[in-house]
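Shown next, in structure tokens, is the structure this report addresses.
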Amino acid sequence: MELKNIRKFMIVFGSVVMVLVVTAFFSASNLNRATSLTIDLIGLQEVNQASINIAVTLDEERISIGQYQLSGDEDLLSRMEIAQADYDKNWDVIVANLGIVQAQAVADLEGARATYKGMLDELILEYQSNPNDNRSGEILRDAINYYLQNVNPKFNSLVEPQLEELARLTEIERANVQRNSFVAQTVLVLSVLVGIASIVVVLSALVFSTRLMNSMTSIIDATNAISRGDLDVPIDVTQGGEIGDMAQAIERMRTSLKAAIERLRR
5 MELKNIRKFM IVFGSVVMVL VVTAFFSASN LNRATSLTID LIGLQEVNQA
55 SINIAVTLDE ERISIGQYQL SGDEDLLSRM EIAQADYDKN WDVIVANLGI
105 VQAQAVADLE GARATYKGML DELILEYQSN PNDNRSGEIL RDAINYYLQN
155 VNPKFNSLVE PQLEELARLT EIERANVQRN SFVAQTVLVL SVLVGIASIV
205 VVLSALVFST RLMNSMTSII DATNAISRGD LDVPIDVTQG GEIGDMAQAI
255 ERMRTSLKAA IERLRR
């Protein structure tokens with residue numbers, strides 16, 4: 005193997021390693037982005053589930069208070085309290101995820117919710133004090149109107165952008181899964197190629213270094229013999245390339261010197 009071919013092979017090997025390093029770097033960057041995206045998706049999914057649960061509890065709350073105003077069944081108040089407890093639990097999830105990034109919208113909805121809940125409490129007290137008058141019905145009508153005009157719009161304006169963002173990030177995550185799969189396969193293929201190239205380089209270096217040492221030993225022995233005037237020591241070099249060319253040149257020099265000395269002797 006010629007030295008220039010060794011250099012070319014090393015350049016190719018280095019290029020493959022460089023591509024592997026660059027690919028691994030982008031793979032790590034993709035992993036960081038995927039991790040960040042996954043965290044965002046988890047938060048949005050929590051908000052999505054909590055908003056669904058809140059919508060259910062609000063419906064349950066309205067149904068229970070409406071039926072209570074008509075029948076006075078105390079069991080309906082228990083249902084409403086359970087719905088309100090579920091609301092508070094799911095609201096805590098939304099605050100934990102949106103309390104900072106949507107601070108104003110969260111505060112507006114909390115204020116509207118407190119007002120609405122106060123109207124429901126007033127209705128219950130009014131009904132329990134005067135079950136036969138129409139005042140509790142008026143409070144219920146005002147409460148429902150307030151819910152439809154204030155609580156529900158504020159709730160929708162808070163959660164709907166998050167649901168849109170969830171859908172957008174889900175599409176990105178789907179695309180990332182495909183891209184990351186391709187990157188992982190590319191890294192695997194390049195790793196195999198680097199492994200094979202490494203083995204080839206080591207074996208080639210071993211073979212070449214052994215032949216090079218043998219050739220250099222033969223050349224050194226021959227040149228030492230020539231310097232001592234012994235022109236009968238041949239150069240046993242079969243290696244091609246630059247080393248072979250040097251051995252042939254020394255061999256021609258030895259042959260020429262030997263022939264010149266023979267002519268002088270005659």
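Per the working numbering, residue 5 is the first one in the sequence shown, and the count goes up by one each step.
For glycine and all other residues, C-beta sits at the position ideal for the given N, C-alpha and C.
| Asked | Found |
| --- | --- |
| Given 8 angstroms, three or more beta-carbon pairs between the stretch 130-140 and the stretch 149-161 | no |
| DSSP-derived helix/strand/coil call for GLY141 | helix |
| Beta-carbon proximity check, GLN71 vs ASP77, cutoff 8 angstroms | yes |
| Neighbour-count burial assignment, LEU192, 16 or more Cβ in a 10 Å radius | exposed |
| VAL204 burial status per 10 Å Cβ neighbour count (16 or more: buried) | exposed |
| Run of the alpha helix (DSSP H) containing TYR131, from where it starts to where it stops | 107-133 |
| Environment of GLY18 [buried if 16+ CB atoms lie within 10 Å] | exposed |
| Helix, strand or coil at ASN180 [DSSP, three-state] | helix |
| Buried/exposed call for THR259, threshold 16 Cβ in 10 Å | exposed |
| Own chain partners of LYS121 with C-beta closer than 8 angstroms, once the 5 adjacent residues on each side are dropped | GLN88 |
| Rounded separation between LEU194 and GLN182 - CA only | 18 angstroms |
| Three-state secondary structure assigned by DSSP to VAL211 | helix |
| Per-residue DSSP class, three states only, for ASP77 | coil |
| Status (buried if at least 16 other CB within 10 Å, exposed otherwise) for ARG256 | exposed |
| Check whether VAL132 and LEU48 have beta carbons under 8 angstroms apart | The sequence as given places Gln at residue 132; Val does not occur at that position. Contact: no. |
| Spatial distance of ILE43 from THR61 (CA atoms) | 27 angstroms |
| C-beta contact flag for MET123 and ASP90 at 8 angstroms | no |
| Contact belief for LEU81 with ILE128 at Cβ below 8 angstroms, rounded distance in angstroms | 7 angstroms |
| Secondary structure of GLY18, DSSP reduced to three states | helix |
| CA nearest to the CA of LEU170, picked from ALA118, ARG37 and GLN53 | GLN53 |
| Collapsed DSSP secondary structure at ILE69 in the structure displayed | helix |
| Distance, MET84 Cα to ILE69 Cα | 7 angstroms |
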